[in-house]
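Count the sequence shown with the working numbering and you get residues 61 to 366, in order.
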Amino acid sequence: MEWKDIIPVLAGGLVILVVALVVKPALLAEPVTGPGPTKPVYVPPTPVPAATPFPEDGPAYTRNFRWTAIDGGVHTTEVRVPEALFSKHRETPRFDLLAWGRYALAEEDRPILKDLACRIAPPTGNPEAEYFRLMNVIFFVQQIPYAYDNNTESYAERTLPPYALHRGAEAEYPRYPTEMLVDGRGDCEDSAILMAGLLDALGYDTVLLKYPGHMVLGIQMDEFNPYYAKYTPKYFDYGGKRYYHVEGTDFAWVNVSPGSTARLGKPLPIGDTGSTTGTPEIIPLRYIPAPAEYRIRPARLPAGGA
Numbered sequence: 061m062e063w064k065d066i067i068p069v070l071a072g073g074l075v076i077l078v079v080a081l082v083v084k085p086a087l088l089a090e091p092v093t094g095p096g097p098t099k100p101v102y103v104p105p106t107p108v109p110a111a112t113p114f115p116e117d118g119p120a121y122t123r124n125f126r127w128t129a130i131d132g133g134v135h136t137t138e139v140r141v142p143e144a145l146f147s148k149h150r151e152t153p154r155f156d157l158l159a160w161g162r163y164a165l166a167e168e169d170r171p172i173l174k175d176l177a178c179r180i181a182p183p184t185g186n187p188e189a190e191y192f193r194l195m196n197v198i199f200f201v202q203q204i205p206y207a208y209d210n211n212t213e214s215y216a217e218r219t220l221p222p223y224a225l226h227r228g229a230e231a232e233y234p235r236y237p238t239e240m241l242v243d244g245r246g247d248c249e250d251s252a253i254l255m256a257g258l259l260d261a262l263g264y265d266t267v268l269l270k271y272p273g274h275m276v277l278g279i280q281m282d283e284f285n286p287y288y289a290k291y292t293p294k295y296f297d298y299g300g301k302r303y304y305h306v307e308g309t310d311f312a313w314v315n316v317s318p319g320s321t322a323r324l325g326k327p328l329p330i331g332d333t334g335s336t337t338g339t340p341e342i343i344p345l346r347y348i349p350a351p352a353e354y355r356i357r358p359a360r361l362p363a364g365g366a
């Protein structure tokens, strides 16, 4: 083959190559119309780290509670709370006072509360023994000494926590259940929160009953009317269920010595309101906040405006 025959072949191959590498991609590409918005790039969400359990073998607060069961037997129950958990709660700002359930249902406290509740009230397959099991949990909490939030003796550190809510000369400090167990005392809402946490860990449905200046527990029961009671059991209907009044700490003033910083409660059975009267606000432990109310008002146009 002579050179004059090779040149046309090479030229044809070159044309095909140019078409394949330059012309065809240009025809298939989207037209360029100038700079535009950059297409978003998908970034996978950062995984939420799992909560680190507090080590069981780390430093811990240990407290022994001496209490009388419903059958009259006296018991001593030991409670162990990791120092890291207690410190975490102390360093947590207090929530809006409508969010009481956040304290009672704190996930970090749940293993401790479930263990404590099962030791106070071991599981039973006897339905007739279930009431006595329930009452032992209630009696345990009712016998924890009562103390005001503004009393420094109410706290393990003997000083008000940094996030205590000040109300003039008074102080308000709702405790997490494990905080009350370490402090060894608390006021009415602390007792109600602790009792709610213990009973919720056992599967009972509870609410908080807030009276003016007082808080107790409400426990869901059907047609509760003990034959031996010398009182009419008090209950309140909420959400189609019946919740019975349960005092957390109804201390007796006659048993208080002058200057005492702790007031010992007297056990009261379910439905016995003690000295409490009136109708409470019912606060569920689990709730969905209602949206705030907004009003749209017509705008006033300036004089002469269209």
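Cβ coordinates follow ideal geometry from the N, Cα and C atoms, glycine included.
One or two residues paired with residue i in a DSSP bridge
i      : result
Leu268 : Leu277, Ile343
Arg179 : DSSP lists no partner for Arg179.
Tyr298 : Lys301
Arg227 : Glu230
His135 : Trp127
Thr219 : None, per the DSSP bridge assignment.
Glu142 : At residue 142 the sequence reads Pro, which differs from the Glu that was named. Pro142 is bridged to Ala120.
Delimiting residues of the beta strand (DSSP E) encompassing residue i
i      : result
Tyr303 : 301-306
Residue i vs residue j beta-carbon contact at 7 Å
i      : j      : result
Ile253 : Tyr298 : no
Thr137 : Phe146 : no
Thr337 : Tyr206 : no
Leu241 : Val134 : no
Ala177 : Ala261 : yes
Asn196 : Ala129 : yes
Pro340 : Tyr264 : no
Val267 : Pro344 : yes
Gln202 : Pro286 : no
Pro153 : Tyr223 : yes
Presumed contact (8 Å Cβ cut-off) between residue i and residue j, rounded CB distance
i      : j      : result
Trp217 : Leu225 : Looking at the sequence itself, residue 217 is Glu, so the reference to Trp does not match. Actually they are not in contact, since the Cβ atoms of Glu217 and Leu225 sit about 17 Å apart, beyond 8 Å.
Trp127 : Phe192 : With 8 Å as the limit, Trp127 and Phe192 do not qualify as a contact, their Cβ atoms being about 14 Å apart.
Asp209 : Asp247 : 6 Å
Ala256 : Leu277 : 6 Å
Glu307 : Gly334 : 5 Å
Close Cβ partners of residue i (< 8 Å) along its chain, the five nearest in sequence each way excluded
i      : result
Arg346 : Gly161, Leu165
Pro91  : Low confidence applies to Pro91: its pLDDT is 48, below 50, so where it sits in the model is not reliable enough to give any reading.
Gly118 : Pro142, Glu143, Ala144
Asp131 : Phe192
Arg170 : Gly257, Ala261
Lys148 : Glu168
Asp282 : Arg302
Arg179 : Thr137
Limits of the alpha helix (DSSP H) - the one that residue i falls within
i      : result
Gln202 : 190-202
Leu262 : Per DSSP, Leu262 belongs to no alpha helix (DSSP H) and is neither H nor E.
Tyr163 : 161-164
Residues near residue i by beta carbon distance below 7 Å, same chain, minus five either side
i      : result
Glu230 : Asn210
Pro172 : It should be pointed out that residue 172 corresponds to Ile in this sequence rather than to Pro. Same-chain partners within the cutoff: Val141, Thr238.
Phe284 : Pro293, Tyr304, Ile330, Gly331
Glu190 : Thr184
Thr212 : Arg218, Thr219, Leu220
Trp313 : Here Trp313 scores only 48 on pLDDT, less than 50, and its place in the model is too uncertain to base an answer on.
Phe155 : Arg162
Gly300 : none
Ala110 : Low confidence applies to Ala110: its pLDDT is 48, below 50, so where it sits in the model is not reliable, and the reading given next is rough at best. Nothing meets the Cβ criterion.
Ala120 : Arg140, Val141, Pro142, Glu143
Own chain residues within Cβ distance below 6 Å of residue i, not counting five before or after
i      : result
Tyr291 : Asp332
Thr122 : Arg140
Leu258 : Leu173, Ala177, Val197
Arg235 : Gly246, Asp250
Glu168 : Leu145
Gly244 : Arg123
Arg150 : Pro221
Arg302 : Tyr295
Gln280 : Asp265, Lys301, Tyr303
Leu194 : none
Gly228 : none
Ala159 : none
Any chain C beta carbon closer than 7 Å to residue i
i      : result
Tyr288 : Checking the listed chains, one finds no chain C in this structure; it contains a single protein chain.
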